[in-house]
Amino acid sequence: MHTFISLGKPVHTVQLLLAERMYKLRDVPQNFEFYGPPHPEDPQGPTLWTRPYFDCGRSDKWIISAVSPIVDIYPRHTEYRHLQSMRNLAVAVTHIDFLMTDINQCIEVGPTSAQTNDPQSKQPNLFAGTDKCKPTTRCEPLFGFGFRRGGYQCLCQPGFRYPPYQDGPFQGYIIEKATKEEYEKNFDCLKVELYLQVPQNFYQSNIEVFASRTRRSIDYNGNMSNESIYYDLSKDPILPPLIESIPKVNPIAAIESPTSSFLKSSINHFASFSGKLVTGFNNDKSEDYMKKSRTKRYAYERPTRVASIMQLYDRLNRDPQLCEFMTEDELTMPGDVLNDVDIQFESQARLALTLSHFLSSFYQIVNPAEDFPLRKAELDLTDEQLIGEVLAAAGGDYKVVGVGIFFDRGKFRNYRFPYFGPYAYRSEKDISRKYTVVDWAGLPDGYENEIWFRTLKARWATNADRSELTEHWLKLFIRSDYVGNALVHHESGFPLYSYTPELKHGQWFPPTFQCSRNYTLPRQWIVTYAVPFFGLDALGINLEFKGVVRVDAYLNYLDINQCSMPHYVPNAFKGSDRCDYQSTVCEPVFGRGFLLGKYKCRCRPGYEYPFIDYNDFFNGDAMDTQWEILMSNNSLMSRFHQLKCRIAIASSIKPLNFILLLFTTSFAMLISR
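The numbering of the sequence shown is our numbering, which starts it at 9 and goes up by one.
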């Protein structure tokens, strides 16, 4: 199927699978194409943005509008496509509060808006370079501050560190509020000198690894295993000998070593190693006086639960056909995997909430049986309109796998079957214009026994109380005649009221691998959010449960937070980072997806980054890699214990030289007397 018939005519392809009867789909699907809006990857962009303007007399706010065309072809019913031309039927407009948009005060470093082809987004930034970060810091924009100054933070430049009293970057909104005197005396980073080279070979920390991992005495172990270990290591041609590594120690680097008393601990370890190499046991210290240096969590491997979750995720991503041999419980992850899902996937949840508000408002306000003197009553929704709604919702968000509207038994009157559940999803993983719409009621198992449908129905089918929902009132003005000479109130009521759910009334369900036995649905790791919608009962008095709106999002867009959290926070990955808790603090890095190692270890106040690599933190991927090497047979090749911050000292050794000179002079004068 061709995506474009001719240049400038974006075509969307849809495969329609409707139900022949309950629990049975039609054997032959229907394929059709329609002209739609441009794709987000197209150069012209899906929408046009207006300039900010003040909406005087209506909302009385500064707003910005997103405009998208509604097009049709003429003549429509012909096979000669070269005779068809585009017709602009209408325009869809969305008004946005301009004061809620963020501004970027940081200087543009690279090419602007490289991630999009929209020409409107490549306009110069009026606010670029208006930040107040000092030369020792660099600017980083923050989002969510709205149209006001201060939406940035100032991070230290490579080669600088924060003052001891500063915990983390300088916040822009604090800098903007500072007086001139406060600004001149603060918000500066301190220069770091006496750098260390990034460790690449055998180091003192590697000796500490074996000392910390060997917690039992030599006598208890029988002297045999340790002898063989050290004997094999001494003959390893890849590693430098122990005696050769001692003279290569840099005295200046030794002073700045992350570990305290570097030379002393190296001599002690070397002496203990020499005794073990020669005699096979330690003659100096007994088991009661052995050094027991326990570093938090270093002696433990990665939690089995985290490893099993990631193994299951990777295995089914590589080979989706394996799901046919697994049970439903094995295809479902624990619920605490969805940490912060309500924040990260809020826009996807609001997509379902938008459909729920539309259906709830329509079924509570519109009455097809009403009789008006000068116009016809509104008609009820049809199955084609609902298919168009889910299709438009699925194509509007690249993080969404599929969107569906599922009616309860007998609640959709304009259909020949008791259940109706149109579900639209992308036919391909990547962003494309190929979609598939399935009537879920025609699948072999239907949807009335699905966990997301049963849960919401059990909660709201018998207790759809108005007091728990949000009340919306609508002042509906319609035109008085066909020409539209004037506006009049709606005859059936003014204002009109409807009751709709909110985000808290919906529910997130654990990640599941959707394994469709007949390949009707996409085989993907998905995260499901479901929210109910309501309408009036047969008497038109009370609210009743009509059905469920479901949105499925890709699990690989959910970020993992491995940093430590309080015990009451449900997160399956918390505390699985490899940061040194004494000198660094873990900070998650968002936007990397469902992968481990997406965090950074930032130095705590009073510590500084010691290495020359134009960085000020340790990358989580490097920490996990070095940990894996440490736990493997090549543990001596790991530099895991070197990846920590050192205690911050003076920014220069000049004061030390001055003190030594003063001390020498004083001592000379004392002797001369």
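We treat Cβ as the ideally placed atom computed from N, Cα and C, and that holds for glycine.
All values derive from a computational prediction rather than experimental measurement.
- Residue environment analysis places D624 among the buried positions, since at least 16 neighbouring C-beta atoms fall within 10 angstroms of its C-beta.
- Positions of the alpha helix (DSSP H) runs, each at least 4 residues long and wholly inside the stretch 364-451, are given as 391-402 in order along the chain.
- Counting along the chain, V75 sits inside no alpha helix (DSSP H); it lies in the beta strand (DSSP E) bounded by residues 70-82.
- Within its own chain, the residues whose Cβ lies closer than 7 Å to the Cβ of T138, once the five positions on either side in sequence are excluded, are Q113, listed in chain order.
- Closest in C-alpha terms to D337, from the list T520, H20, R34, V79, comes T520.
- The C-beta distance from F155 to L107 rounds to 5 Å, short enough to meet the 8 Å contact threshold.
- Annotation for K193: the continuous alpha helix (DSSP H) segment containing it runs 188-193.
- A straight line joining the alpha-carbon of Y622 with that of Q165 spans about 8 Å.
- Per DSSP, the continuous alpha helix (DSSP H) segment holding R467 begins and ends at 459-468.
- Burial is judged here by how many other beta carbons sit within 10 angstroms of a residue's own beta carbon; D379 has fewer than 16 and is exposed.
- D388 and A136 have their alpha carbons spaced roughly 52 Å apart.
- The stretch 645-652 and the stretch 582-597 touch, with no fewer than 3 CB-CB distances between them shorter than 8 Å.
- When DSSP reads this structure, C594 sits in a beta bridge with C609.
- Straight through space, the alpha carbons of R358 and G543 are spaced by roughly 20 Å.
- W516 and F178 have their C-alpha atoms some 36 Å from each other.
- Looking at the DSSP output, Y43 sits in a beta bridge with V19.
- When V411, V409, K384, D391 are compared, the shortest CA-CA separation from Y490 is found for K384.
- F675 sits in a helix when the DSSP states are folded into three classes.
- In this structure, I620 lies near Q205, with their beta-carbon atoms less than 8 Å apart.
- For P503 and A98, the gap between their C-alpha atoms comes out near 27 Å.
- Setting aside the 5 residues that flank it on each side, L482 is surrounded in the same chain by S369, I373, P503, L504, Y505, S506, each with a C-beta closer than 8 Å to its C-beta; the list follows chain order.
- Inter-residue distance for P77 and V101 is about 9 Å (C-alpha atoms, whole angstroms).
- Of the other Cβ atoms in all chains shown, fewer than 16 fall within 10 Å of the Cβ of F671; this residue is therefore exposed.
- The beta carbon of R600 is closer than 6 Å to those of K606 in its chain, skipping five residues each way along the sequence.
- If you look at R647, you'll find it isn't in any beta strand (DSSP E); DSSP assigns it neither H nor E.
- In the displayed model, V345 falls within a helix according to three-state DSSP.
- With fewer than 16 other Cβ atoms from the protein chains shown falling within 10 Å of its own Cβ, S475 counts as exposed.
- Bounds of the alpha helix (DSSP H) holding N325 are 312-326.
- Where E148 is concerned, the enclosing beta strand (DSSP E) starts and stops at 145-149.
- For the options Y173, W468, D196, P171, the alpha carbon positioned closest to that of I183 is the one of D196.
- According to the DSSP secondary-structure assignment, K32 is paired through a beta bridge with R29.
- Classified as exposed, A546 has fewer than 16 neighbouring CB atoms from the shown chains inside 10 Å of its CB.
- Residue pairing from DSSP places G555 in a beta bridge opposite F415, F541.
- Put simply, of G514, P530, R462 the residue whose alpha carbon is nearest the alpha carbon of Y433 is P530.
- Residue pairing for E479: DSSP places it in a beta bridge opposite Y507.
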